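Report on the structure given below.
Residue numbers (my numbering): -6 to 173.
In structure tokens, the structure reads:
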């Protein structure tokens, strides 16, 4: 099959490039922070000096939120999220296509509502004292990050719908050497 036949349209390629670089750079930096901070806190501060860093758990939990927020839209583009296609083999191609579009529309609605509610939670987090336990870091910015992440996921679903209508299939993001 022609290599260009398996490439998504330009706008989706741009989104794929941005998602990949954000996940690699920001996600990688967050993982480096988590690793270095955990090693420093456990091996040096706790074991050697018997004085663990106060609030270390708060920082690590917030770093995990960042990792999740960065990975959700990229996972949507690579097809990493679970889909159960039990009945698809017994459907006609047309019915399977339109049922997938319908399900994706429902998914978009749910994700748009979730993004909106996460943004609202970010606006009210400080007002209601939603903070970490030890360092009292507001959850607000992390709600905003999750809202943007889920919003991008909703955009990915819209682009999936567009691809389904246009060509009857969604071309997922594949990395070099990816056997999926």
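A virtual CB, placed ideally from N, CA and C, is assigned to each residue, including glycine. None of these values were measured; they are calculated from a predicted model.
Among residues of its own chain, excluding the 5 on either side of residue i, which ones have a beta-carbon nearer than 8 Å to its beta-carbon?
{"i": "residue 165", "result": "70, 71, 72 and 173"}
{"i": "residue 6", "result": "0"}
Starting from residue i, follow its DSSP beta bridges and name the residues at the other end.
{"i": "residue 64", "result": "Paired residues: none, contrary to the question."}
{"i": "residue 13", "result": "In DSSP, residue 13 forms no bridge with anything."}
{"i": "residue 196", "result": "Nothing about residue 196 can be read from this structure; the chain reaches only from -6 to 173."}
{"i": "residue 124", "result": "131"}
Assign residue i to buried or exposed, taking buried as 16 or more other Cβ atoms, counted over all protein chains shown, within 10 Å of its Cβ.
{"i": "residue 2", "result": "exposed"}
{"i": "residue 4", "result": "exposed"}
{"i": "residue 161", "result": "exposed"}
{"i": "residue 115", "result": "buried"}
{"i": "residue 65", "result": "buried"}
{"i": "residue 21", "result": "exposed"}
For residue i, I'd like the list of residues in its chain whose CB is within less than 7 Å of its CB, leaving aside the five on either flank, ordered along the chain.
{"i": "residue 15", "result": "63"}
{"i": "residue 108", "result": "140, 143, 144 and 147"}
{"i": "residue 23", "result": "56, 59 and 60"}
{"i": "residue 132", "result": "118, 123 and 124"}
Stretch pair the segment 34 to 46 + the segment 116 to 124: three plus CB contacts closer than 8 Å: no
- request: Counting only runs of 3+ residues fully inside the segment 23 to 88, write out the beta strand (DSSP E) ranges in chain order.
  value: none
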